[in-house]
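Participant: Supplied in structure tokens, the structure appears directly below.
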Amino acid sequence: MGKHIYQGRYTAANDEDIVVFLIGMRINHQLAVHKWLPVFMAMPGMIKELYTEKER
């Protein structure tokens, strides 16, 4: 691979149907635990369901 980092957004030519689903979380304020802790605790279950229900 190259040694350069290319900034920005890129697309690629593709003749097939494809879906990209991104799941994640970002903690903006570490001290606001009441806001991010429920999402953090639910994340493993969401990821597990994605792996077990691949056809949905």
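Residue numbering for the sequence shown follows the numbering used here, starting at 549 and increasing by one per position.
Each residue gets a CB set at the ideal place from its N, CA and C atoms; glycine is no exception.
1. So Met589 and Ile571 are in contact, right, with Cβ under 8 Å, and what is the actual spacing, rounded?
2. What three-state label does DSSP hand Met591 in the structure shown?
3. By the three-class DSSP mapping on this structure, what secondary structure does His582 have?
4. Please report the distance separating the alpha-carbon of Glu603 from that of Val587.
Facilitator: In short, the structure shows the following:
1. The beta-carbon separation of Met589 and Ile571, rounded to 15 Å, does not stay under the 8 Å limit for a contact.
2. Of the three classes helix, strand and coil, the one that applies to Met591 here is helix, per DSSP.
3. Of the three classes helix, strand and coil, the one that applies to His582 here is helix, per DSSP.
4. Going by the C-alpha atoms only, they are around 24 Å apart.
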